[in-house]
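Reviewing the structure listed below.
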Amino acid sequence: MNSLLKIAFYIILCLSFVLSAGCKKANDTKTSLENHPTYKSYKFSDDEKVIEIGVPVPWASINHLVEIMKRDGILRRELERRGYTVVFYPFAKGVDANYFVEKGLLEGSITGDMPTLEIAAKGHINIMSVFNKGSVSLVSKNIYRTRDLKGKRVAYPYGSIAHYYLIKILNEEGMSEKDIGHAPLDAGDILNAIRDKKIDAFTTFEPTATIYTKIDPTLHTIHRWFSSYAFFNIRKDYGEKNNEAVKTLISAQIRAMIWMMSSDKNRYEASRWMAEESAKIIPIPLGKYIKELNSISAEDISGNTDIRSIAPGTELLKQGGDINKEFEFLKAIGFIPKDMKWEDMTKHFDVHTAADLLKEMKTAKPSEILQ
């Protein structure tokens with residue numbers, strides 16, 4: 037009887053949080069990731085002096101900063117002086133990158149709130165810096181107000197910040213997840229779904245949401261939320277042994293932020309670089325929409341002008357704050373163990389390294405771009 041009750045409870049839990057996604061088998065995911073047409077071509081190094089970092093694309097501002105770091109001559113020289121090099125690999129999703137972190141094939145990742153909290157809950161990583169903040173948007177063809185979502189079918193990447201954002205705006209309108217039809221979909225499948233009238237609206241990350249409204253002008257943005265964090269994560273065992281090299285990467289992140297904020301021309305260049313990199317993974321013609329990429333990154337940067345915000349601190353990690361609420365959401369949908377305490381999660385945030393670096397950098401320089 038106890039076994040039957042446990043099975044019933046598990047089924048109810050899966051169904052109550054949206055349902056048509058079902059309960060996916062981890063083995064299926066692993067197999068598909070290892071055989072992914074792009075990922076299977078990656079030649080990961082066994083040399084611990086080669087720092088390999090996974091980054092999801094396309095991701096406004098975050099990809100901009102990574103592309104600047106790749107071209108930073110100061111970073112290259114500082115790593116070479118210590119005997120290191122760094123390689124950034126593009127991934128379609130943050131959870132994909134973190135799968136390879138868990139396997140020990142990547143040394144770290146730059147991923148959003150949800151995949152970062154998931155992998156941290158397993159004890160695999162330390163969260164070294166807040167890489168940036170970005171946005172998620174709600175898009176539709178025939179709906180113009182969030183209150184009119186009631187009874188409509190809405191798509192979102194399941195378990196992502198876009199999923200959390202949807203539940204949040206429903207609650208703000210006095211609704212719950214029961215008031216809409218749910219369509220858990222990957223961002224790459226959403227555009228065809230709304231064109232085929234299988235869904236009425238969707239939430240997803242920027243720049244994908246905005247670019248979809250440009251590809252299909254019948255779509256429009258109903259609402260945008262600027263509260264999607266990106267974190268630089270390093271594998272715990274690696275970071276403890278190679279702390280100086282990790283600090284060198286955080287210093288490069290700071291320089292990249294300064295370089296991108298220094299002129300519109302620099303941001304345009306970074307938009308062009310990130311569009312080229314994203315094309316390796318995602319079949320979205322970002323190169324046609326540099327103006328939109330510039331606009332989104334400008335909005336993101338305007339909300340992140342304080343360089344000191346890269347250091348995870350007490351405000352970010354406070355009980356009842358955004359990250360804490362996202363942690364509770366992931367527990368509710370079964371992505372994080374229900375018995376995990378918030379104080380156990382916050383132990384994985386390194387509150388010292390980035391903060392100490394900022395104190396040492398009396399006059400932070402911009403990146404030195406190598407052509």
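Adding 36 to a residue's 1-based position in the sequence shown gives its number in the working numbering. For each residue, glycine too, the CB sits at the ideal point set by N, CA and C.
Residue burial annotation: N278 is buried, with at least 16 other C-beta atoms found within 10 angstroms of its C-beta. Rounded to the nearest angstrom, the gap between the Cα atoms of R112 and T350 is 32 Å. Short of 6 Å from the beta carbon of W309, and not among the five residues preceding or following it, lie these beta carbons of its own chain, in chain order: E103. For T74, there is no enclosing beta strand (DSSP E), since its DSSP letter is neither H nor E.
Boundaries of the beta strand (DSSP E) harbouring K169: 161-176, taken from the DSSP string.
DSSP links S264 through a beta bridge to G170. One alpha carbon belongs to H259, the other to T239, and they sit about 9 Å apart. Per DSSP, the unbroken beta strand (DSSP E) holding I89 starts and ends at 86-92. The criterion of a C-beta distance shorter than 8 Å is not satisfied by A156 and A191.
Assignment of alpha helix (DSSP H) within the region 294-329, counting only whole runs of 4 or more residues, yields 300-314 in chain order. For T257, the secondary structure class from DSSP, reduced to helix, strand or coil, is strand. Here DSSP, grouped into helix, strand and coil, assigns H388 to coil.
Spanning the alpha carbons of E364 and G187 requires a straight line of approximately 26 Å. Taking the Cα of I163 as reference, the smallest distance to any Cα among W378, I332, P348 is reached at P348. For T240, the enclosing beta strand (DSSP E) has its first and last residue at 237-241.
Taking 8 Å as the upper bound for CB-CB distance, A266 and S403 are not in contact here, some 18 Å apart. Taking a cut-off of 8 Å on C-beta distances, the region 79-88 does not touch the region 384-391, as fewer than three cross pairs fall below it. Assignment of beta-bridge partners to D380 by DSSP yields no partner.
In this chain, P348 is not harboured by any beta strand (DSSP E), its DSSP state being neither H nor E. Inclusion of I405 and R181 in the CB contact set at 8 Å is not warranted, their separation being larger than that value. Proximity of the region 285-301 to the region 363-377 falls short of the contact definition, fewer than three beta-carbon pairs being nearer than 8 Å. A contact is defined here as three or more CB-CB pairs under 8 Å, and the region 170-178 meets this definition with respect to the region 224-239. DSSP, reduced to helix, strand and coil, places P373 outside both helices and strands of the structure shown, so it counts as coil. Of all alpha-carbon atoms in I332, S333, E312, the one lying nearest the alpha-carbon of G323 is that of E312.
Ranked by Cα distance from I332, the first of A391, F262, I369 is F262. Of all C-beta pairs linking the region 110-126 to the region 281-288, three or more are shorter than 8 Å, placing the two stretches in contact.
Per DSSP, I230 is one residue of the alpha helix (DSSP H) stretching across 223-231. The C-beta distance from I343 to L394 rounds to 7 Å, short enough to fall under 8 Å.
Around the beta-carbon of T246, 16 or more other beta-carbon atoms lie within 10 Å, marking it buried. By the neighbour-count criterion, in which a residue is buried when 16 or more other Cβ atoms sit within 10 angstroms of its Cβ, S97 is buried. Taking the Cβ atoms as the reference, V91 lies roughly 12 Å from I318, outside the contact range of under 8 Å. Assignment of Y192 by DSSP, reduced to helix, strand and coil, places it in the strand class.
In the three-state reduction of the DSSP assignment, A400 falls in the coil class.
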